[in-house]
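Undergrad: Sharing a structure, written as structure tokens. Questions coming.
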């Protein structure tokens, strides 16, 4: 089985952190006893309970160890003292800390993340494969009629890790629809979980449609993850949006943003296509150019 790799070099200290995390996840997902514990952890009420603790002043004791462990640069934050761990986790950066590429035909990343682009089959079933799990667009959206519009298109998966900046932007301008919410579980979005569960059709998620002038109608989805208490979107009703405008943020944990693009509307950069074919995640930052509108 091929393991996802990062398209950047990571320092040994961080590699040790990743390895420890992977070992814990394999204990949870890879055996019966672990899955019994996991069955409790992924329940929505547990996620909400953890989220409440992360809103308290007591949770501040976790902030400095996390900053040191993950080498978080606090100098680019709007403040360096926080009321709770969630206050730190959803921290805002100073203006200019992220540059939004405004090339006319440019297609940018909505967040700091690890990006993989998947082909959606140009067939009636409209399947796509993440790791060894087969999905359909209809199962992801819970909407067969809407899914048909993405036959032969592409699915862009932006996976955020716990040490990433967890605010995200609109990466296109257009007209946003009302937000739809699908209640579910809270599996981790670490690739290890994909070896055991179809996490992207089991996890809690929210999505909207964004009708654009040149890139077709894009589905913009946020997926909750292990112990992520809330997905907080700025707009839940229909409204006009602009590229670079903040869309929302995740609270505690890793998470994922998925973009569904219609056939022949947006072309990923060559390096992203090549990495995705090799099952390599490409490290991208919010506002970075990742493709072009055709």
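In this note's numbering, the protein residues as written are 8 to 301. Ideal placement from N, C-alpha and C gives every residue a C-beta, glycine not left out. Computed from a prediction, not measured in an experiment: that's the story for all the values here.
Assign residue 226 to one of three DSSP states: helix, strand, or coil.
TA: Residue numbering aside, residue 226 sits at position 219 when the chain shown is read from its first letter. In the structure shown, residue 226 sits in a strand (DSSP, three-state: E or B).
Undergrad: How long is the line joining the alpha carbons of residue 70 and residue 263, rounded to whole angstroms?
TA: For the purposes of this step, residue 70 is identified with residue 63 of the chain shown, where counting begins at 1. For the purposes of this step, residue 263 is identified with residue 256 of the chain shown, where counting begins at 1. When rounded, the distance between both Cα atoms is 22 angstroms.
Undergrad: Do you know offhand how far residue 78's Cα is from residue 251's?
TA: To locate residue 78, count along the chain shown from 1; it is residue 71. To locate residue 251, count along the chain shown from 1; it is residue 244. Approximately 26 angstroms between the Cα atoms of the pair.
Undergrad: Does the beta-carbon of residue 71, which I'm using as the reference point, lie nearer than 6 angstroms to any heavy atom of the ligand FAD?
TA: Among the components of this structure there are no ligands whatsoever, and the ligand FAD is therefore not found.
Undergrad: Give me the residue from 179, 167, 67 and 273 with the minimum Cα distance to residue 289.
TA: In the chain shown, residue 289 corresponds to position 282, counting from 1. Nearest option by C-alpha distance: 167.
Undergrad: Could you tell me whether the Cβ atoms of residue 186 and residue 213 are closer together than 7 angstroms?
TA: Residue numbering aside, residue 186 sits at position 179 when the chain shown is read from its first letter. Residue numbering aside, residue 213 sits at position 206 when the chain shown is read from its first letter. Yes, they are a contact pair.
Undergrad: Taking the straight line between their C-alpha atoms, what separation do you get for residue 232 and residue 150?
TA: The residue labelled residue 232 in the question sits at position 225 within the chain shown. The residue labelled residue 150 in the question sits at position 143 within the chain shown. Spanning the two alpha carbons is a distance of roughly 22 angstroms.
Undergrad: Pairs of beta-carbons, one from the region 122-133 and one from the region 96-104, closer than 8 angstroms: are there three or more?
TA: Taking 8 angstroms as the limit for Cβ pairs, the verdict is that the region 96-104 does not touch the region 122-133.
Undergrad: Could you tell me which whole beta strand (DSSP E) segments of length 3 or greater appear in the region 48-115?
TA: Counting only runs of 3 or more, we get 113-115.
Undergrad: Check the C-beta distance from residue 219 over to residue 226 and give it rounded, since I have them as a contact under 8 angstroms.
TA: Position 212 of the chain shown holds residue 219. Position 219 of the chain shown holds residue 226. Their Cβ separation, rounded to whole angstroms, is 12 angstroms, which puts residue 219 and residue 226 out of contact at 8 angstroms.
Undergrad: Could you give the DSSP three-state label for residue 307: helix, strand or coil?
TA: In the structure as shown, the chain starts at 8 and stops at 301, and residue 307 therefore has no counterpart that could be examined.
Undergrad: At the level of alpha carbons, what is the spacing between residue 92 and residue 241?
TA: Counting from one through the chain shown, the residue named residue 92 turns up at place 85. Counting from one through the chain shown, the residue named residue 241 turns up at place 234. Those two C-alpha atoms are separated by around 21 angstroms.
Undergrad: In angstroms, rounded to a whole number, what distance separates the CA positions of residue 60 and residue 89?
TA: Position 53 of the chain shown, counted from the start, is the residue given in the question as residue 60. Position 82 of the chain shown, counted from the start, is the residue given in the question as residue 89. Taking the straight line joining both Cα atoms gives about 14 angstroms.
Undergrad: Between which two residues does the beta strand (DSSP E) containing residue 280 stretch?
TA: For the purposes of this step, residue 280 is identified with residue 273 of the chain shown, where counting begins at 1. Residue 280 -> not in any beta strand (DSSP E); alpha helix (DSSP H) instead, spanning 277-284.
Undergrad: For residue 238, count neighbouring C-beta atoms within 10 Å of its own C-beta (all shown protein chains included) and say buried if the count is 16 or more, exposed if not.
TA: Translated into the one-based positions of the chain shown, residue 238 becomes position 231. Under this definition residue 238 is a buried residue.
Undergrad: What is the DSSP secondary structure of residue 272, counted as helix, strand or coil?
TA: Counting from 1 along the chain shown, the entry for residue 272 is found at position 265. DSSP places residue 272 in coil when its eight states are reduced to three.
Undergrad: Could you tell me the boundaries of the alpha helix (DSSP H) in which residue 169 lies?
TA: For the purposes of this step, residue 169 is taken as residue 162 along the chain shown, with counting starting at 1. Counting along the chain, residue 169 falls outside any alpha helix (DSSP H), and DSSP gives it neither H nor E.
Undergrad: Would you report the Cα separation of residue 62 and residue 132, rounded to the nearest angstrom?
TA: Position 55 of the chain shown, counting from 1, holds the residue named residue 62. Position 125 of the chain shown, counting from 1, holds the residue named residue 132. Their backbone Cα atoms lie some 43 angstroms apart in a straight line.
Undergrad: Does the region 155-164 come into contact with the region 72-87, if we say contact requires no fewer than three beta-carbon pairs (one atom in each stretch) closer than 8 angstroms?
TA: They do not touch, by the three-pair rule.
Undergrad: Is residue 95 closer than 7 angstroms to residue 122 when the C-beta atoms are compared?
TA: For this step, residue 122 is matched to residue 115 along the chain shown. For this step, residue 95 is matched to residue 88 along the chain shown. Result no, Cβ atoms of residue 122 and residue 95 do not sit closer than 7 angstroms.
Undergrad: DSSP state of residue 175, grouped into three classes?
TA: Reading the chain shown from its first residue, position 168 is the one you call residue 175. Note: residue 175 maps to strand in three-state DSSP.
Undergrad: Mapping the DSSP letters down to three states, classify residue 290 as helix, strand or coil.
TA: Locating residue 290 in the chain shown gives position 283, where the first residue counts as 1. Strand, per DSSP.
Undergrad: Should residue 56 be labelled buried (16 or more other beta-carbon atoms within 10 Å of its own) or exposed?
TA: Indexing the chain shown from 1 puts residue 56 at position 49. Exposed, since its Cβ has fewer than 16 Cβ neighbours within 10 Å.
Undergrad: Under 8 angstroms by Cβ, that's how I've got residue 58 and residue 229 pegged, so tell me the actual separation to the nearest angstrom.
TA: Counting from 1 along the chain shown, the entry for residue 58 is found at position 51. Counting from 1 along the chain shown, the entry for residue 229 is found at position 222. Actually they are not in contact, since the Cβ atoms of residue 58 and residue 229 sit about 15 angstroms apart, beyond 8 angstroms.
Undergrad: Measure the Cβ-Cβ separation of residue 276 and residue 294 and say whether it is below 7 angstroms.
TA: The sequence position of residue 276 within the chain shown is 269, counting from 1. The sequence position of residue 294 within the chain shown is 287, counting from 1. It is not a contact, given that the beta carbons lie outside the stated cut-off.
Undergrad: For residue 183, list the residues DSSP reports as bridge partners.
TA: Numbered from 1 along the chain shown, position 176 holds the residue referred to as residue 183. Its beta-bridge partners are 217 and 246.
Undergrad: Measuring only the C-alpha atoms, how far is residue 14 from residue 191?
TA: For the purposes of this step, residue 14 is taken as residue 7 along the chain shown, with counting starting at 1. For the purposes of this step, residue 191 is taken as residue 184 along the chain shown, with counting starting at 1. Note on residue 14: pLDDT 48, under 50, position unreliable in the model; the coordinate value appears next. So the alpha carbons of these two residues sit roughly 31 angstroms apart.
Undergrad: If you draw a straight line from the C-alpha of residue 120 to the C-alpha of residue 279, how long is it?
TA: Taking the first residue of the chain shown as 1, we reach residue 120 at position 113. Taking the first residue of the chain shown as 1, we reach residue 279 at position 272. Distance between the alpha carbons of residue 120 and residue 279: 13 angstroms.
Undergrad: Using only the alpha-carbon positions, how far apart do residue 266 and residue 296 sit?
TA: Here the question's residue 266 lines up with position 259 in the chain shown. Here the question's residue 296 lines up with position 289 in the chain shown. Rounded to whole angstroms, residue 266 to residue 296 spans 15 angstroms at the Cα level.
Undergrad: Go through its chain and collect everything with a Cβ distance to residue 113's Cβ below 6 angstroms, but skip five positions before and after it.
TA: For the purposes of this step, residue 113 is taken as residue 106 along the chain shown, with counting starting at 1. So the list reads 296, once near-sequence residues are dropped.
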